[in-house]
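Chains D and X, in that order, are what the protein sequence lines are.
Per this note's numbering, residue 1 is the first one in the first sequence, and the count goes up by one each step.
Per this note's numbering, residue 1001 is the first one in the second sequence, and the count goes up by one each step.
Built from N, CA and C at the ideal position, the CB exists for glycine as well.
All of these numbers come straight from a predicted model, not from anything done at the bench.
What follows is a short report on a single structure.
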Amino acid sequence: MAWFTRKEEKIGEPAPPEQRTVKTEGIFAKCENEDCGTTIYRKDLRANLSVCPQCGYHFRLSARDRLAMLFDNGEYEERDAGVAPTDPLGFVDKSPYRDRLIKSQRETGLLDAIIVGEGRLMGRSIVIAAMEFKFIGGSMGSVVGEKITRAIEHCIDERLPLVIVSCSGGARMQEGVLSLMQMAKISAALARLDDARLPFISLLTNPTTGGVTASFAMLGDLNIAEPGAIIGFAGARVIEQTIRQKLPKGFQRSEFLLEHGMLDAVVDRRELREFIASALLFTGPDP
Amino acid sequence: MISDESGVNQEKAGIRMTSREAESVGSEPIERVQLARHERRPYAMEIIERVFTQFVELHGDRRFRDDPAIVGGWAVFEERPVMVIAHQKGRHVRERQARNFGMPKPDGYRKALRLMLLASKFRRPIFTLIDTPGAFPGIDAEERGQAEAIAVNLREMARLESPIIVTVTGEGGSGGALAIGVGDVVLMMENSVYSVISPEGCSAILWKDSSRAPEAAAHLKITAEDLLALGVIDAVVPEPPGGAHLDWDLASDYLRTSWREALERIERMSPEELRAARYSKFRAMGRFEERL
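Below you can see the structure in the form of C-alpha cells.
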C-alpha cells in the first residue's frame, strides 16, 4: 500500500513555459514608494507596523489594523458597532448607492467607514476612532458623523481622552448635504469636549482631505500626521484646474503642512504610542 | 419662463421628478442652480442696503489681509444693532476678479470669525448670508490653512453667545458655505441651492463626465424644498415670481419679513439656551439605522 493515494487519475499537463510564474503575493510586498520599490518579506513588514524597513514609507493601514496597533495588546471594546448606513437620498450614479454600500460592507466586513474602540494605551483608558479608507474612500456620511459624535459624548460623560485617526477623501457625496452637516455636528461636539477640558488628539494619515480635514481632523488639541501623508482641503487636481499651474513638489504632504505651521508634529508610526502616551501625560485627564 | 422648458430638459436628462418638484417654479434642480447663479441675482451688498440701515463695513482678519470675498460689519435691523457677515460676489468683470467670484480664502473665514466673536462679546444678533461656489481651491489658500480656518469656524459658531440667523441667498457651496452657516435658524431663499459638492464636480467624479451635472443636481437633493424635507433648514424664504433677479426690492422685503419672525423667536433666549438648542439642532442631523 502506497503512503499516498492519488485522488485524480492523472496530474494536469504542465503549464507552457510562458505561463509559468512563481506566486509570491502574500509572501512578499513591494514598497509602494516609487523611489524605493524594495521587495519586503510580508512578515517583516507587518512586524514593522507596515512601514518599509528600507525607506520608512508608511503603507496604509486598515481601521482594524490601526486599532490593533494603537491599543495595548491590540485589545479594545468596539463601540456603536450596530450603527448602519441607509440611502436617504435614493442616490444613483453609475451604480446605486445601496449596491456600493453592500459591496464595501462585504469587502471590509464593516457597516461603514469607521470603527470606534475603547481600551487602554500604555495603561491609560482611551477612546480611539479609526477610519477605513477601503470603505468608499473613507468618506464621511451620517454613520461616520454619528459614531464620532457619540464617541465624543462618551468621552465627556466618562472623562476620557479621544484620538481620531483620519483617513478619508472627505464628505460622502451619496448622502448629499446630510454628509456636509456631519462636519457641523462633530465640530459642535468637539466644542463641548473642549469646554470639558478633555484632550483630543487628531492623527492625520494618508490621505486626509476635504470635509474631514475642514472639520474634526484640524480641530485637535494636537494635530499630528504620519510622514508623507496627503493632507489638504481641495484635491490637487481641482487646484491645478482652477489656477492652471503645476503644483510645487511635496505640496500637501505632511512635511509641507508642518513647515506651514498646520501640524504640531509629524510622527513615525513606530513611535505613535509613545507620543500619544506622552501627550496624555501633559494634558490629562489624570488617571 | 424657465419652467416652460422643463419638459424638454427632463426628457433629455432622463430625470425622474416628483409631482411636488414639478409644480414649483424652475422645477428642475439644475434650473434652480442656474437661478442661484444668475448674473442679475441680488448679491449680499444689494440685500444689505435694502434690509439694514447704517451698515458699517469692518475689514481684515488681523492675521494677513482683508478678504474681499467676505464682507462684514455692524448694521441696524429694525432698530436693533446686529452684525452682518456675507459672501460677496462681484457684479462686473473687474469686481468679480477682485472678489474672487465669492470664493473666500482662509483670511475671509478668519475675518468672519473675528467679527462673530465681536458680536458674541456684546451679545448682538448675527446674520450671515451665504452665496459662494465654495472655499477657494488654491496654493496660497492651502498654505494658510483653508481647512483649519473652516473647521475652527464650525466649532466656534457652535458656542457663540449671540442668536445666529443663517440664510442661503444664492449658492451654498459645501464647506465654504457651512463655514459661516452654523446658526439657530437656517433659512434658504426659494431659488438658492445648498450642496456638499457642485453638480459639475459630483458629475465629474462619479460619472467621470461633467456633462451629467443635471442628473447629479437632481440626485444630490440641493433645492430649498429638499433641504427642508431633510430637516437641514428651518424655512424657505419666498422669492418674487420668476426669481429674485427680477425684483431685488421685493426679494429683500420677503427676507426682512422672514428675518423679523426668526429673530423674534430667538432674541430673548439666554446664551445657554441658544447654545443648547443649537447643539440639539445639528446633533439631530443625519440618517442611519441601528442594527443589533
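Indicate whether at least one CB of chain D lies closer than 9 Å to the CB of residue i.
i	result
residue 1205 (chain X)	yes
residue 1300 (chain X)	Because residue 1300 (chain X) is not part of the residues shown, which for chain X are 1001 to 1292, the question remains open.
residue 1226 (chain X)	yes
residue 1238 (chain X)	no
residue 1174 (chain X)	yes
residue 1182 (chain X)	yes
residue 1185 (chain X)	no
residue 1221 (chain X)	yes
residue 1288 (chain X)	yes
residue 1071 (chain X)	no
residue 1055 (chain X)	no
residue 1138 (chain X)	yes
residue 1033 (chain X)	no
residue 1021 (chain X)	The pLDDT assigned to residue 1021 (chain X) is 38, lower than 50, so where the model puts this residue is not dependable, and the model offers no usable value.
residue 1064 (chain X)	no
residue 1145 (chain X)	yes
residue 1117 (chain X)	no
residue 1093 (chain X)	no
residue 1096 (chain X)	no
So for residue i, helix, strand or coil by DSSP?
i	result
residue 306 (chain D)	In the structure displayed, chain D extends from 1 to 287; residue 306 (chain D) sits before or after that span and is not available.
residue 1090 (chain X)	coil
residue 1021 (chain X)	Annotation note: pLDDT 38 at residue 1021 (chain X) (below 50); position unreliable, coordinate value reported separately. Note: residue 1021 (chain X) maps to helix in three-state DSSP.
residue 220 (chain D)	coil
residue 48 (chain D)	coil
residue 206 (chain D)	strand
residue 69 (chain D)	helix
residue 272 (chain D)	helix
residue 1167 (chain X)	strand
residue 1214 (chain X)	helix
residue 155 (chain D)	helix
residue 1054 (chain X)	strand
residue 98 (chain D)	helix
Determine, for residue i, whether the minimum Cβ-Cβ distance to residues of chain X falls below 9 Å.
i	result
residue 58 (chain D)	no
residue 222 (chain D)	no
residue 94 (chain D)	yes
residue 16 (chain D)	no
residue 213 (chain D)	yes
residue 181 (chain D)	yes
residue 194 (chain D)	yes
residue 243 (chain D)	yes
residue 127 (chain D)	no
residue 19 (chain D)	no
residue 103 (chain D)	no
residue 272 (chain D)	no
Is the beta carbon of residue j closer than 9 Å to that of residue i?
i	j	result
residue 1069 (chain X)	residue 1171 (chain X)	no
residue 153 (chain D)	residue 189 (chain D)	yes
residue 1050 (chain X)	residue 1191 (chain X)	no
residue 1147 (chain X)	residue 214 (chain D)	yes
residue 1251 (chain X)	residue 1048 (chain X)	no
residue 1179 (chain X)	residue 1150 (chain X)	yes
residue 194 (chain D)	residue 221 (chain D)	yes
residue 1222 (chain X)	residue 1199 (chain X)	yes
residue 1110 (chain X)	residue 1064 (chain X)	yes
residue 253 (chain D)	residue 58 (chain D)	no
residue 1219 (chain X)	residue 93 (chain D)	yes
Measuring alpha carbon to alpha carbon, tell me which of the options ends up nearest residue i.
i	options	result
residue 1285 (chain X)	D:175, D:217, D:261	D:175
residue 1164 (chain X)	X:1250, X:1041, X:1048, X:1083	X:1083
residue 121 (chain D)	D:283, D:285, D:282, D:277	D:277
residue 172 (chain D)	D:192, D:41, D:209, D:188	D:209
residue 115 (chain D)	D:127, D:87, D:106, D:245	D:127
residue 1263 (chain X)	X:1079, X:1139, X:1064	X:1079
residue 164 (chain D)	D:225, D:33, D:270, D:107	D:225
residue 148 (chain D)	D:196, D:80, D:159	D:80
residue 1045 (chain X)	X:1062, X:1065, X:1073	X:1073
residue 118 (chain D)	D:262, D:162, D:261, D:265	D:162
residue 1231 (chain X)	X:1186, X:1241, X:1086	X:1186
residue 1205 (chain X)	D:235, D:125, D:134, D:61	D:235
residue 1041 (chain X)	X:1137, X:1159, X:1085, X:1092	X:1092
residue 1169 (chain X)	X:1226, X:1182, X:1128	X:1128
residue 1208 (chain X)	D:95, D:191, D:124, D:59	D:95
residue 69 (chain D)	D:246, D:279, D:274	D:274
Which residues, taken in chain order from the region 1120-1131 of chain X, show a beta carbon closer than 9 Å to some beta carbon of chain D? none
Mind listing which residues of the region 144-165 of chain D have their C-beta closer than 8 Å to chain X's C-betas, in chain order? 145, 146, 149
Name the residues in the region 1238-1262 of chain X whose C-beta lies less than 7 Å from a C-beta of chain D; which are they? none
Going along the chain, which residues of the region 1189-1201 of chain X sit with their C-beta nearer than 7 Å to a C-beta in chain D? 1194, 1195, 1196, 1197
With 9 Å as the limit, tell me which residues of the region 1153-1168 of chain X have their beta carbon closer than that to any beta carbon of chain D; keep them in chain order. 1153, 1154, 1155, 1156, 1157, 1158, 1159
At a CB distance below 8 Å, what residues from the region 1265-1280 of chain X approach chain D? Give them in sequence order. 1278, 1279
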